[in-house]
Amino acid sequence: MVGIGEIVFILVIVVLVFGAKRIPEIAKALGRASHEFKKAKTEIEKEADSLIEAGEKLAEKDDAKEERKQDGNG
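Structure, rendered in structure tokens:
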């Protein structure tokens, strides 16, 4: 976990590097980047779920074909 002391230290470094006037601009950019990252993550998860579901349906069809094939030969 990050403590209060570490957060203050990081903020001081940010102020020294970027200046106090640019902090709101940087915070907005970080917020937007975080939002875009979460959005992309959600889209990837949905795509993965749909691919898994499609694979499971295909496997079920293959199993059903195999069972019919065995019933016809047996």
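Going by our numbering, the sequence shown opens with residue 15, and the numbers climb by one from there.
The beta carbon of each residue, even a glycine, is placed where N, CA and C say it ideally should be.
Note that the structure is a prediction, hence the values are computed from the model and not measured.
Which class does residue i belong to by DSSP, given the choice of helix, strand or coil?
| i | result |
| --- | --- |
| Val16 | coil |
| Gly33 | coil |
My understanding is that residue i touches residue j, with C-beta atoms under 8 Å, so please give their C-beta distance in whole angstroms.
| i | j | result |
| --- | --- | --- |
| Ile37 | Val28 | 7 Å |
| Phe51 | Ile40 | So it is not a contact: roughly 16 Å between Cβ atoms. |
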